[in-house]
Amino acid sequence: MVRLRVAPSWPLSSLRSVSRRSFASSTSATFSEAAAAPLKGAASAPGVVGSAPELSRHLLIHTPHPTATWPSHLHATSPLAKLLQDKWQAQPELAKLGFNFTDGSHGTVAQAWDPTRTKFDEPPADAAVERYSAVIYPDFVELPSFSIDDLPALDKVLAELPAASAALPSATSGDTAPPQRTHIFVCTHRTRDCRCGDIGEPLYDALLHEIKRRKLGGELKSGTDGVRIARVAHIGGHKWAGNALVYRSDGVGDWYGLLRAEDAPKLLDYATSPSSLPWFSRWRGRLGLSADQVRAAYASRPAAEAENRLDEPRHALGDSVELVFKTFEGEERRVSGYEGESVMEVARRHELPSILATCGGHCECATCHVLIPPAASAGGDPPLPEVTDEEDEQLEFAIGATDDSRLACQLPVTKELGEWIAKGGRIQLPRY
Numbered sequence: 251m252v253r254l255r256v257a258p259s260w261p262l263s264s265l266r267s268v269s270r271r272s273f274a275s276s277t278s279a280t281f282s283e284a285a286a287a288p289l290k291g292a293a294s295a296p297g298v299v300g301s302a303p304e305l306s307r308h309l310l311i312h313t314p315h316p317t318a319t320w321p322s323h324l325h326a327t328s329p330l331a332k333l334l335q336d337k338w339q340a341q342p343e344l345a346k347l348g349f350n351f352t353d354g355s356h357g358t359v360a361q362a363w364d365p366t367r368t369k370f371d372e373p374p375a376d377a378a379v380e381r382y383s384a385v386i387y388p389d390f391v392e393l394p395s396f397s398i399d400d401l402p403a404l405d406k407v408l409a410e411l412p413a414a415s416a417a418l419p420s421a422t423s424g425d426t427a428p429p430q431r432t433h434i435f436v437c438t439h440r441t442r443d444c445r446c447g448d449i450g451e452p453l454y455d456a457l458l459h460e461i462k463r464r465k466l467g468g469e470l471k472s473g474t475d476g477v478r479i480a481r482v483a484h485i486g487g488h489k490w491a492g493n494a495l496v497y498r499s500d501g502v503g504d505w506y507g508l509l510r511a512e513d514a515p516k517l518l519d520y521a522t523s524p525s526s527l528p529w530f531s532r533w534r535g536r537l538g539l540s541a542d543q544v545r546a547a548y549a550s551r552p553a554a555e556a557e558n559r560l561d562e563p564r565h566a567l568g569d570s571v572e573l574v575f576k577t578f579e580g581e582e583r584r585v586s587g588y589e590g591e592s593v594m595e596v597a598r599r600h601e602l603p604s605i606l607a608t609c610g611g612h613c614e615c616a617t618c619h620v621l622i623p624p625a626a627s628a629g630g631d632p633p634l635p636e637v638t639d640e641e642d643e644q645l646e647f648a649i650g651a652t653d654d655s656r657l658a659c660q661l662p663v664t665k666e667l668g669e670w671i672a673k674g675g676r677i678q679l680p681r682y
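Numbers 251 to 682, taken from this note's numbering, label the letters of the sequence shown in order.
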C-alpha cells in the first residue's frame with residue numbers, strides 16, 4: 251500500500267482524513283455498520299433475542315460448592331445431577347421445566363466436587379449424600395431440603411402448581427413498587443466454556459458491587475430478601491456470554507445475554523423496575539414465552555428503545571483470539587479476546603492503560619484511540635474495516651493521532667487480526 255508523505259503546505263488534519271479513508275482495508279464491512287445491521291426491518295430481531303430455551307419454570311438447586319470445583323458437566327461428579335438428568339430424559343412432560351445448579355447456598359460442603367472429571371465419567375461410587383436447598387422460579391417456591399430422597403416430593407409440588415403463565419412485556423403494570431425479591435444468576439461456568447468465565451465473572455463482580463452500593467441486598471448465600479445474586483452452571487448459549495437470569499417475585503423471569511461488566515447498573519435498573527419491560531437489546535427470552543412471542547415483543551418494543559443507537563445489540567461471541575498490545579512505555583501485553591468483541595472491549599476487560607472509552611464504545615469520543623501501524627513481518631497493513639466518517643471525525647480530537655490511528659471501539663476482533671498479530675503486528679496504546 252502506497253503511503254502519502256505530508257507536504258508542509260497541506261493541513262495535517264485534511265491529509266490524515268484522506269489517508270485513512272482512501273487507503274484503509276475494505277475487505278470487510280465497517281464495524282459500526284455490522285453492529286447496526288440486525289436492526290434493519292421492524293420485525294427483524296438480532297440473534298440473541300429469542301435464543302433462550304422455551305421454559306415455563308426453572309428449578310435451581312442452590313449448593314455450597316464453589317465454582318472452582320465445578321467440572322464441565324456436573325453429572326460427572328454429582329449423583330443428584332446425574333439422577334435429575336436421567337429423570338428429565340425419561341419424562342418428556344418435564345421438558346418445560348429447566349433445572350440447574352448454583353453456588354447460592356451458605357451450607358458446608360460434605361464432599362468436594364472434582365473439576366477434572368469429564369462428561370463421560372460417572373459420579374464417584376463413594377460420593378457423599380447430597381442435600382441442598384432449591385427454588386422453583388419464577389414462583390419462588392422454596393424447597394428447603396432437596397436430595398435424591400426428596401424427588402417424590404418434587405413431583406407432588408410440581409403437580410400442585412397452577413398452570414404456568416407469563417405476561418408480555420408492558421411499560422405499565424398493576425404494581426407501582428419494584429418486586430419484593432429479585433434473584434439474579436450469572437453463568438460463570440469456565441470449565442464448560444472459557445467465555446463464560448472471562449465475561450461472566452467480571453459481570454458478577456460488577457453486579458454484586460452495584461447491588462451493595464444501592465443497599466439492595468447481596469449474595470444469595472447470605473440471604474434471600476431484596477436483590478440477591480449467585481453464580482449458575484451452564485445454561486446454554488456460550489456465544490451469548492455474559493449470560494444472566496433475572497427472576498422476580500412478581501412472576502417475571504427474564505434471560506439476558508451479551509452482557510458486560512459495565513452493563514451492571516442498567517441491568518439492575520430493569521431487574522428492580524415496576525415495569526415488566528426487559529432490556530430489549532440484551533434480551534434472550536422470558537419464562538413462559540415462546541421464541542416467536544419474544545421476537546414479536548422485540549419488534550413492537552417502544553419507539554424510544556428501537557431508535558436508541560446507543561443501545562444497539564452486541565455481536566455473538568466466537569472463538570478466542572490472542573491480541574498483543576504495546577504500551578507507550580514499550581511493554582507488550584498479551585491478552586485473549588473473542589470474535590464478536592471490539593478491540594476496545596478486550597482492552598477494557600483486561601484493564602489496559604489509556605483506553606477510557608468514556609462514550610461506551612459508540613464512536614462519540616476519542617478516548618479509545620489506538621495506533622496500528624503496518625508490520626512488514628505480518629505482510630504490511632492490518633486487516634481492519636474502512637474508517638467511517640463518524641470515526642474520522644472523532645479522531646480529529648485524539649491526542650497524538652497519526653495516519654495509523656483508529657478508534658478501538660470500531661475494530662472487530664477477527665481471526666485475521668489475530669493472525670496478523672501472530673506474525674508480528676501490534677496494537678499500540680497511546681500515552682494519553
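Every residue, glycine too, gets a C-beta built ideally from N, C-alpha and C.
Using only CA atoms, which one of Pro303, Ala491 and Phe530 lies nearest to alanine 511? Stepping through the sequence shown from its first residue, residue 511 is reached at position 261. Minimum Cα distance to alanine 511 is reached at Ala491.
As a quick exercise: from Arg599, Ala403, Ser592 and Asp376, pick the residue whose alpha carbon is nearest that of glycine 611. Looking up residue 611 in the sequence shown gives position 361. The residue with the shortest Cα to Cα distance from glycine 611 is Ser592.
Helix, strand or coil for tyrosine 682, going by three-state DSSP, please let me know. In the sequence shown, counting from the first residue as 1, residue 682 sits at position 432. Under the three-state reduction of DSSP, tyrosine 682 is assigned to coil, being neither helix nor strand.
Buried or exposed (CB count within 10 angstroms, at least 16 for buried), arginine 683: Here the chain comprises residues numbered 251 to 682, so residue 683 is not present and cannot be evaluated.
Going by the CB atoms, is the gap between serine 395 and leucine 527 shorter than 8 Å? Translated into the one-based positions of the sequence shown, residue 527 becomes position 277. Translated into the one-based positions of the sequence shown, residue 395 becomes position 145. Contact: no.
What three-state label does DSSP hand glutamate 646 in the structure shown? By 1-based counting over the sequence shown, the position of residue 646 is 396. Coil at glutamate 646, not helix or strand.
Return yes when the Cβ of histidine 619 is within less than 8 Å of the Cβ of alanine 648, no when it is not. The residue you call residue 648 lines up with position 398 of the sequence shown. The residue you call residue 619 lines up with position 369 of the sequence shown. Using a Cβ distance threshold of 8 Å, alanine 648 and histidine 619 count as a contacting pair.
Spatial neighbours of arginine 583 in its chain, beta-carbon cut-off 8 Å, leaving aside the 5 residues before and after: If you number the sequence shown from 1, residue 583 lands on position 333. Around arginine 583, the same chain offers Val574, Phe575, Lys576, Thr577, His600 and Leu602 as residues with beta carbons nearer than 8 Å, after the five sequence neighbours per side are excluded.
Residues near histidine 323 in its chain [Cβ-Cβ closer than 6 Å; skip 5 each side]: Counting from one through the sequence shown, the residue named residue 323 turns up at place 73. Hits under 6 Å: Lys369.
Where does asparagine 558 land, buried or exposed, given buried means 16+ other C-beta within 10 angstroms? In the sequence shown, the residue the question calls residue 558 occupies position 308. Result: exposed.
Close Cβ partners of serine 472 (< 6 Å) along its chain, the five nearest in sequence each way excluded: Position 222 of the sequence shown, counted from the start, is the residue given in the question as residue 472. The answer is none, since no qualifying residue turns up.
What's the gap between the Cα of glutamate 595 and the Cα of alanine 521? One-based indexing of the sequence shown puts residue 595 at position 345. One-based indexing of the sequence shown puts residue 521 at position 271. Taking the straight line from one Cα to the other gives about 24 Å.
Residues of its chain near glycine 300, where Cβ-Cβ distance is below 8 Å and the 5 sequence neighbours each way are ignored: The sequence position of residue 300 within the sequence shown is 50, counting from 1. Hits under 8 Å: Arg534, Gly535, Ala541, Asp542, Val544, Arg545 and Tyr548.
Excluding the 5 residues flanking tryptophan 670 on each side, which residues of the same chain have their C-beta closer than 8 Å to its C-beta? As a first step, residue 670 must be located in the sequence shown, where it is residue number 420. Sequence-distant Cβ neighbours of tryptophan 670 in its own chain, meaning closer than 8 Å and more than five residues away, are Ala625, Ala628, Gly629, Pro632 and Pro633.
Give every residue of the same chain whose Cβ lies closer than 7 Å to the Cβ of glycine 674, excluding the five residues on either side of it in the sequence, and list them in chain order. Sequence index remark: in the sequence shown, residue 674 carries index 424 (1-based). The residues are Ala625, Ser627 and Ala628.
Measure the C-alpha to C-alpha separation of leucine 509 and leucine 458 and round it to an integer number of angstroms. Reading the sequence shown from its first residue, position 259 is the one you call residue 509. Reading the sequence shown from its first residue, position 208 is the one you call residue 458. Taking the straight line from one Cα to the other gives about 14 Å.
Drop a sphere of 10 angstroms on the beta-carbon of proline 412, count the other beta-carbons inside from all chains shown, and report buried for 16 or more, exposed for fewer. Position 162 of the sequence shown holds residue 412. Counting Cβ neighbours within 10 Å, proline 412 comes out exposed, since fewer than 16 surround it.
Does DSSP classify valine 665 as helix, strand or coil? Within the sequence shown, residue 665 is the residue found at index 415, counting from 1. Residue identity differs from the one stated: residue 665 is lysine in this sequence, not valine. Here lysine 665 sits in helix by DSSP.
What does the alpha-carbon distance come out to for the pair alanine 456 and alanine 514? Looking up residue 456 in the sequence shown gives position 206. Looking up residue 514 in the sequence shown gives position 264. Using only the alpha carbons, I get a separation of about 6 Å.
Tell me whether leucine 495 is buried or exposed, calling it buried when 16 or more other Cβ atoms sit within 10 Å of its Cβ. Working through the sequence shown from its first residue, we reach residue 495 at position 245. Looking at its Cβ environment, which holds 16 or more other Cβ atoms inside 10 Å, leucine 495 is buried.
With a CB to CB cut of under 7 Å and the five nearest residues on each side skipped, what residues in its chain are close to threonine 608? Residue 608 sits at position 358 when you count from the first residue of the sequence shown. Taking threonine 608 as the centre and dropping the five residues before and after it, the same chain places the C-beta of Cys615 and Thr617 closer than 7 Å to its C-beta, in chain order.
Is glutamine 339 close to the ligand GDP? I mean its beta-carbon at under 7 Å from any heavy atom of the ligand. Among the components of this structure there are no ligands whatsoever, and the ligand GDP is therefore not found.
State the start and end residues of the unbroken beta strand (DSSP E) segment that holds glutamate 572. Mapped onto the sequence shown, residue 572 falls at position 322. 570 to 576 is the extent of the beta strand (DSSP E) around glutamate 572.
Ignore the nearest five residues each way along the sequence and tell me which others in alanine 284's own chain have a CB closer than 6 Å to its CB. In the sequence shown, counting from the first residue as 1, residue 284 sits at position 34. No answer about alanine 284 holds up, because its pLDDT of 38 lies below 50 and its placement is not dependable.
Excluding the 5 residues flanking glycine 501 on each side, which residues of the same chain have their C-beta closer than 6 Å to its C-beta? Mapped onto the sequence shown, residue 501 falls at position 251. Hits under 6 Å: Pro388.
So, helix, strand or coil for leucine 330, using DSSP? Counted from its first residue, the sequence shown places residue 330 at position 80. Leucine 330: helix per DSSP, three-state reduction.
Cα separation between tyrosine 382 and histidine 312? Along the sequence shown, one-based indexing puts residue 382 at 132. Along the sequence shown, one-based indexing puts residue 312 at 62. Near 6 Å, if we compare the C-alpha coordinates of histidine 312 and tyrosine 382.
Can you give the beta carbon distance from isoleucine 398 to leucine 470, rounded, assuming they're within the 8 Å contact cut? Counting from one through the sequence shown, the residue named residue 398 turns up at place 148. Counting from one through the sequence shown, the residue named residue 470 turns up at place 220. Going by Cβ atoms, the distance from isoleucine 398 to leucine 470 rounds to 23 Å, so no, they are not a contact pair.
Confirm, please, whether the CB-CB distance from threonine 319 to aspartate 365 is below 8 Å. Position 115 of the sequence shown, counted from the start, is the residue given in the question as residue 365. Position 69 of the sequence shown, counted from the start, is the residue given in the question as residue 319. Just to set this straight, residue 365 is proline in the shown sequence, not aspartate. If you check the CB distance, proline 365 and threonine 319 come in under 8 Å.
Out of Ser499, His439 and Trp529, which one is the CA nearest neighbour of tyrosine 506? Looking up residue 506 in the sequence shown gives position 256. Checked all of Ser499, His439 and Trp529; the closest Cα to tyrosine 506 is Trp529.
Tell me, please, which residues DSSP counts as bridged to valine 385. Within the sequence shown, numbered from 1, the residue matching residue 385 stands at position 135. Looking at the DSSP assignment, valine 385 forms a beta bridge with Leu310 and Glu392.
Using beta-carbon positions only, say whether glutamate 433 and histidine 484 come within less than 8 Å of one another. As a position in the sequence shown, residue 433 is number 183, starting the count at 1. As a position in the sequence shown, residue 484 is number 234, starting the count at 1. Per the sequence shown, the amino acid found at residue 433 is histidine instead of glutamate. Taking C-beta atoms as the reference points, histidine 433 and histidine 484 fail to come closer than 8 Å.
Would you kindly work out how many angstroms separate the C-alpha atoms of leucine 518 and proline 429, rounded to a whole number? Along the sequence shown, read from residue 1 onward, the residue named residue 518 stands at position 268. Along the sequence shown, read from residue 1 onward, the residue named residue 429 stands at position 179. Taking the straight line joining both Cα atoms gives about 12 Å.
Determine whether the beta carbon atoms of arginine 656 and isoleucine 622 lie at a separation below 8 Å. Your numbering for residue 656 matches position 406 in the sequence shown. Your numbering for residue 622 matches position 372 in the sequence shown. Contact annotation: arginine 656 and isoleucine 622 have beta-carbon atoms nearer than 8 Å.
Taking the alpha carbon of aspartate 405 as the reference point, which residue from Cys659, Trp338 and Pro635 has its own alpha carbon closest? In the sequence shown, the residue the question calls residue 405 occupies position 155. Of the candidates Cys659, Trp338 and Pro635, the one whose C-alpha sits nearest the C-alpha of aspartate 405 is Trp338.
Coarse secondary structure for arginine 583, derived from DSSP in three states: As a first step, residue 583 is located in the sequence shown; it is residue number 333 there, counting from the start. Note: arginine 583 maps to strand in three-state DSSP.
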